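Undergrad: Protein chains in written order, with this note's numbering: chain A, 1 to 233; chain B, 234 to 501.
Just so you know, even glycine gets a beta-carbon here, dropped at the ideal spot from N, CA and C.
Small disclaimer: the values here were computed from a predicted structure and weren't measured.
Okay, here's the structure, questions in a sec.
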C-alpha cells in the first residue's frame, strides 16, 4: 500500500476566475480526496459545483497551488495522463457521430489509452448492469435520449478503470430504477480496488444520503465542509 | 509577340465603360437603388487601374530590387490585413496570425516560382515578381480566410466534443485534429474545383490576357499551368499555417481549450 495519509487527488488553494471579466467564480478552496472517498457535492444551481469539477479535472484554467495526483503536482504534458486517470463527466455528455459502440471506442484512439484495447464483452457487461441489452451497442448516438447519453458516457469512462471519477449529476436524466443501477455500478467500481475515489454532484438529497460518505456544500462560489481534512475512517 | 495586337484607345475605353449603363438601367428598372454604387464602383475601377498602370510602368522602368521588395511588402500587408477579417469569430492575435500565414506561404511559393521554376534573372524583375505575387496573394488570401473561418467555427460549435476528448485524456493536438481536418479540407476544396474545371468552364485571366496580348495559346497555357500549381501550393500552405496558428492561440500548454478567447467579432 502507498502512504495512507497522502491524498489521492488534492486541490491546494485553488481559485477559478472568469478569464474575460477577471471576476472570481470560485473562492480559493482546498480539497483532499482520499483513496476510498465518496464525496457528494450539493448546492444551488449556478453556485459553482460544475466549475469545481472542471477545475479539478484541469479543464478550466485555475489559479493558486494547483492540483496534485498522489502527491505530485500536475501540469504541462502530465495533464492528458492525469485526465486519463481522473475522469470528469459533464451532466450533458458529448457524443461523436456514430453508434454507441463507436463512441465507446473513442478513448482507444487516444495516445493516453494506447496500451489498452477495446473489450467488447466488458462494455456489454457494464451496459447490462445499467439495464441496456447488447442491441444498444448498435444504436446511433444521435438517437439517444438524454438519460441514455449519460449511461454511454459513464460506461465510456468506467471501461478505462479510472482511479477518480468526477461526476456532474450523472443520473439527472435517469428514472429511479436506472439511477439505483448506476449507483450499484459505481459502488462495484469503488469496492474493486482501494485506490479509487468518487466526487459527485447531485441535487437529490436521497442520492446524497445513499452515495455520500463526505458531504460538501457549494454556495455562491464558496466551498464548505472541505479543507485539508484527515481521511474518513 | 505583339504582331496582331490591337491597341485600345481612350475612345475604345469610353465605349467599354458605357456598358456600366446596362447595370444602372437594371438598377433603375428594378428599383435596386444601386445606381450610385455602380457608378462609384465603375469610377474606382478606372482610377485604381490607371494609377496601378502608372506605378507599374515606373517600377518596370526603374527595375530596382529594393523598390520591388517594397511593393511586394505593401501588397502582402494589405492581403494579410484582409485575410482574417471575414471570420465571424475572432481571437486575440488573429490579425497577426492572418498576416503571418499570408506572408510565409505567399513568399515561399513566389520565391519558388521565380528562382526554381522560371529562373528569372534578376529574381526580383518586377515584370515577373509583381504579377506573380499578386496572383499568389489573392489565392493565399482566400485560403487563409476560409481556413480561419472554418476552424474557429468548428471549434465553437464542437466545444463539447473537444472538451470531451480532453477529459478522456486526449492531448490538445488529438482534440484539435478533427476540427483542423475539417478546416483544411474546406480550404482546399475550392482550389481542387478550379484545377478540375480550368479550361473547360472558364479560361483563366492570365491566359486570356496573354492570348489577347498576342502570345501563342501554347505558351499562354504553359504559364497558366505553372500558375495553377502555384495557386494550389500557396492556398494549401496558407490554410494550414492559419489553422496551426489558431491551434497555438486557442490551446494552452496544459492541454486546455481556451474557448473564452474565441468571441464574436463586433458588428458581425
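(1) Step through the CB atoms of chain B and report whether any lies within less than 8 angstroms of the CB of residue 87 of chain A.
(2) Between which two residues does the beta strand (DSSP E) carrying residue 168 of chain A extend?
(3) Below 8 angstroms on the Cβ atoms is my guess for residue 279 of chain B versus residue 250 of chain B; work out the distance and round it to an integer in Å.
(4) Along chain B, which residues have their Cβ under 8 angstroms away from the Cβ of residue 67 of chain A?
(5) Using 8 angstroms for Cβ pairs, my map puts residue 33 of chain A next to residue 197 of chain A. What's the rounded Cβ distance?
(6) Could you compute how far the alpha carbon of residue 306 of chain A sits from the alpha carbon of residue 151 of chain A?
(7) Skipping 5 residues on each side, what residues in its chain have a beta carbon closer than 7 angstroms to that of residue 488 of chain B?
(8) Specify whether the segment 409 to 416 of chain B and the segment 376 to 395 of chain B touch according to this definition: at least 3 beta carbon pairs, one from each stretch, less than 8 angstroms apart.
(9) Less than 8 angstroms between CB atoms is the rule here; does residue 170 of chain A satisfy it with respect to chain B?
(10) Below 9 angstroms on C-beta distance, what does residue 83 of chain A contact in chain B?
(11) So is residue 493 of chain B in contact with chain A if we call contact Cβ pairs under 8 angstroms?
(12) Check whether the Cβ atoms of residue 41 of chain A and residue 200 of chain A sit closer than 8 angstroms, and answer yes or no.
(13) Run through chain A and tell me which residues come within less than 9 angstroms of residue 394 of chain B, C-beta to C-beta.
(14) Does DSSP put residue 130 of chain A in a helix, a strand or coil?
(15) Beta-carbon of residue 407 of chain B versus every beta-carbon of chain A: anything under 8 angstroms?
(16) Using 8 angstroms as the limit for Cβ to Cβ distance, is residue 100 of chain A near chain B?
(17) Using 10 angstroms around the beta-carbon of residue 115 of chain A, count the other beta-carbons present and answer buried if the total reaches 16, otherwise exposed.
(18) Identify whether residue 172 of chain A lies in helix, strand or coil by the three-state DSSP scheme.
(19) Compare the C-beta of residue 111 of chain A with all C-beta atoms of chain B and state if any pair is closer than 8 angstroms.
(20) Select from A/124, A/204, A/95 and A/49 the residue whose C-alpha is nearest the C-alpha of residue 392 of chain B.
(21) Does the distance from the C-beta atom of residue 331 of chain B to that of residue 373 of chain B stay below 8 angstroms?
(22) Which one of B/294, B/431 and B/272 has the shortest CA to CA distance from residue 258 of chain B?
(23) Which residues does DSSP pair with residue 30 of chain A in a beta bridge?
(24) Quick check for students: name the residue ranges of the beta strand (DSSP E) that lie wholly in the segment 18 to 67 of chain A, counting only runs of 3 or more.
(25) Tell whether a beta-carbon distance below 8 angstroms holds between residue 453 of chain B and residue 369 of chain B.
(26) In three-state terms, what does DSSP make of residue 12 of chain A?
(27) Checking 8 angstroms against the spacing of the C-beta atoms, do residue 111 of chain A and residue 83 of chain A come in under that value?
(28) Could you give the distance in angstroms between the alpha-carbon of residue 261 of chain A and the alpha-carbon of residue 395 of chain B?
(29) Nearest CA to the CA of residue 293 of chain B: which residue from B/355, B/417, B/445 and B/438?
(30) Residues of chain B with a CB under 9 angstroms from the CB of residue 201 of chain A: which are they?
(31) In this structure, how does DSSP classify residue 117 of chain A when only helix, strand and coil are distinguished?
(32) On a CA-only basis, which of B/269, B/244 and B/464 is nearest residue 340 of chain B? Give me that one, please.
(33) Since residue 266 of chain B is in the alpha helix (DSSP H), which residue starts that stretch and which ends it?
(34) Mind reading off the beta-carbon distance from residue 190 of chain A to residue 155 of chain A? Whole number of angstroms is fine, and I expect it under 8 angstroms.
(35) Just mark residue 360 of chain B as buried or exposed, buried being the case when its beta carbon has 16 or more other beta carbons within 10 Å.
(36) Give the secondary structure of residue 242 of chain B by DSSP, where H, G and I count as helix, E and B as strand, and everything else as coil.
TA: Once the coordinates are examined:
(1) Taking the first chain and counting its residues from 1, the one referred to as residue 87 of chain A is at position 87. Cβ-Cβ to chain B under 8 angstroms: yes for residue 87 of chain A.
(2) Locating residue 168 of chain A in the first chain gives position 168, where the first residue counts as 1. Element bounds for residue 168 of chain A: 164 to 168.
(3) Taking the first residue of the second chain as position 1, residue 279 of chain B is located at position 46. Taking the first residue of the second chain as position 1, residue 250 of chain B is located at position 17. Right, the Cβ-Cβ distance comes to about 7 angstroms (below 8 angstroms), so this counts as a contact.
(4) The residue labelled residue 67 of chain A in the question sits at position 67 within the first chain. For the C-beta of residue 67 of chain A, not a single chain B residue is nearer than 8 angstroms; the gap to the nearest is close to 10 angstroms.
(5) Within the first chain, numbered from 1, the residue matching residue 33 of chain A stands at position 33. Within the first chain, numbered from 1, the residue matching residue 197 of chain A stands at position 197. Between residue 33 of chain A and residue 197 of chain A, the beta carbon gap of about 5 angstroms places them in contact (Cβ cut-off 8 angstroms).
(6) Outside the displayed span of chain A (1 to 233) sits residue 306 of chain A, for which this structure offers no information.
(7) For the purposes of this step, residue 488 of chain B is identified with residue 255 of the second chain, where counting begins at 1. 399, 404 and 405.
(8) Flag = yes, the segment 409 to 416 of chain B and the segment 376 to 395 of chain B touch.
(9) Locating residue 170 of chain A in the first chain gives position 170, where the first residue counts as 1. It does not: the Cβ of residue 170 of chain A has no partner Cβ on chain B nearer than 8 angstroms.
(10) One-based indexing of the first chain puts residue 83 of chain A at position 83. Annotation: Cβ neighbours of residue 83 of chain A in chain B (cutoff 9 angstroms, chain order): 399, 400, 401, 402, 403 and 488.
(11) Here residue 493 of chain B corresponds to residue number 260 of the second chain, with the count starting at 1. Judged by the 8 angstroms Cβ criterion, residue 493 of chain B is in contact with chain A.
(12) In the first chain, the residue the question calls residue 41 of chain A occupies position 41. In the first chain, the residue the question calls residue 200 of chain A occupies position 200. For residue 41 of chain A and residue 200 of chain A, yes; Cβs fall inside 8 angstroms.
(13) The sequence position of residue 394 of chain B within the second chain is 161, counting from 1. The answer, in chain order, is 94, 95 and 96.
(14) Here the question's residue 130 of chain A lines up with position 130 in the first chain. In this structure, residue 130 of chain A counts as coil in the three-state DSSP scheme.
(15) Taking the second chain and counting its residues from 1, one reaches residue 407 of chain B at position 174. Closer than 8 angstroms to some Cβ of chain A, the Cβ of residue 407 of chain B qualifies, so yes.
(16) Sequence index remark: in the first chain, residue 100 of chain A carries index 100 (1-based). Cβ-Cβ to chain B under 8 angstroms: no for residue 100 of chain A.
(17) For the purposes of this step, residue 115 of chain A is identified with residue 115 of the first chain, where counting begins at 1. With a 10 Å radius around the Cβ and a threshold of 16 neighbouring Cβ atoms, residue 115 of chain A comes out exposed.
(18) In the first chain, counting from the first residue as 1, residue 172 of chain A sits at position 172. The answer is coil: DSSP assigns residue 172 of chain A none of H, G, I, E or B.
(19) As a first step, residue 111 of chain A must be located in the first chain, where it is residue number 111. At least one chain B Cβ lies under 8 angstroms of residue 111 of chain A.
(20) Position 159 of the second chain, counted from the start, is the residue given in the question as residue 392 of chain B. Considering only A/124, A/204, A/95 and A/49, the residue with the shortest C-alpha distance to residue 392 of chain B is A/95.
(21) Start at 1 with the first residue of the second chain, and residue 331 of chain B comes out as number 98. Start at 1 with the first residue of the second chain, and residue 373 of chain B comes out as number 140. No, they are not a contact pair.
(22) Sequence index remark: in the second chain, residue 258 of chain B carries index 25 (1-based). Of the candidates B/294, B/431 and B/272, the one whose C-alpha sits nearest the C-alpha of residue 258 of chain B is B/272.
(23) As a first step, residue 30 of chain A is located in the first chain; it is residue number 30 there, counting from the start. Partner(s): none; residue 30 of chain A has no beta bridge.
(24) Note on the segment 18 to 67 of chain A: whole beta strand (DSSP E) runs with a minimum of 3 residues are 24 to 33 and 38 to 42, in chain order.
(25) As a position in the second chain, residue 453 of chain B is number 220, starting the count at 1. As a position in the second chain, residue 369 of chain B is number 136, starting the count at 1. The criterion of a C-beta distance shorter than 8 angstroms is not satisfied by residue 453 of chain B and residue 369 of chain B.
(26) As a first step, residue 12 of chain A is located in the first chain; it is residue number 12 there, counting from the start. Of the three classes helix, strand and coil, the one that applies to residue 12 of chain A here is strand, per DSSP.
(27) The sequence position of residue 111 of chain A within the first chain is 111, counting from 1. The sequence position of residue 83 of chain A within the first chain is 83, counting from 1. For the 8 angstroms CB-CB criterion, residue 111 of chain A and residue 83 of chain A do not form a contact.
(28) Absent from the structure is residue 261 of chain A, since the part of chain A shown begins at 1 and ends at 233.
(29) As a working note, residue 293 of chain B is residue 60 in the second chain. Checking every option, the nearest Cα to that of residue 293 of chain B belongs to B/355.
(30) Within the first chain, numbered from 1, the residue matching residue 201 of chain A stands at position 201. Ordered by position in chain B, no residue passes the 9 angstroms Cβ test against residue 201 of chain A, which lies about 15 angstroms from the chain.
(31) Within the first chain, residue 117 of chain A is the residue found at index 117, counting from 1. Correct three-state label for residue 117 of chain A: coil.
(32) In the second chain, counting from the first residue as 1, residue 340 of chain B sits at position 107. The residue with the shortest Cα to Cα distance from residue 340 of chain B is B/464.
(33) As a first step, residue 266 of chain B is located in the second chain; it is residue number 33 there, counting from the start. Per DSSP, residue 266 of chain B belongs to no alpha helix (DSSP H) and is neither H nor E.
(34) For this step, residue 190 of chain A is matched to residue 190 along the first chain. For this step, residue 155 of chain A is matched to residue 155 along the first chain. Not a contact, Cβ separation roughly 16 angstroms.
(35) Taking the second chain and counting its residues from 1, the one referred to as residue 360 of chain B is at position 127. Exposed is the call here.
(36) Sequence index remark: in the second chain, residue 242 of chain B carries index 9 (1-based). In the displayed model, residue 242 of chain B falls within coil according to three-state DSSP, outside both helix and strand.
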